[in-house]
Amino acid sequence: MAEEAKQEEKKENAKRILSTIFKVILGLAFLALGAWLVYKGWVYLWYVIKGTVGLFFILAGIITLAIAKE
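Under the numbering used here, residue 89 is the last one in the sequence shown; the count climbs by one each step, no gaps.
In structure tokens form, the structure reads like this:
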């Protein structure tokens, strides 16, 4: 009975290790893909950043006015 519990524990540990390795590899792949897309599409990313700055200031102004109202 104790041997069966040890074998089950080993199987669970092996599954956890494989799961962790898979997640790390997947995370690294996403990081590499993201970095490559930022590098290739820097101009378009810059347009998005410039386009959202105005909206950010409008939102900051609304929040500031809401705080000042209280």
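Glycine is no exception: its CB is placed at the ideal position from the N, C-alpha and C atoms.
Source: prediction; values computed, not measured.
Where does residue i sit, in a helix, a strand or coil, going by DSSP?
| i | result |
| --- | --- |
| Gly60 | coil |
| Glu28 | helix |
| Glu89 | coil |
Report all residues from its chain with a CB closer than 8 Å to the CB of residue i; omit the five preceding and five following residues, and keep chain order.
| i | result |
| --- | --- |
| Leu64 | Val57 |
Can you name, in chain order, every residue of its own chain whose Cβ lies under 7 Å from the Cβ of residue i, other than the five neighbours on each side?
| i | result |
| --- | --- |
| Glu22 | none |
| Glu27 | none |
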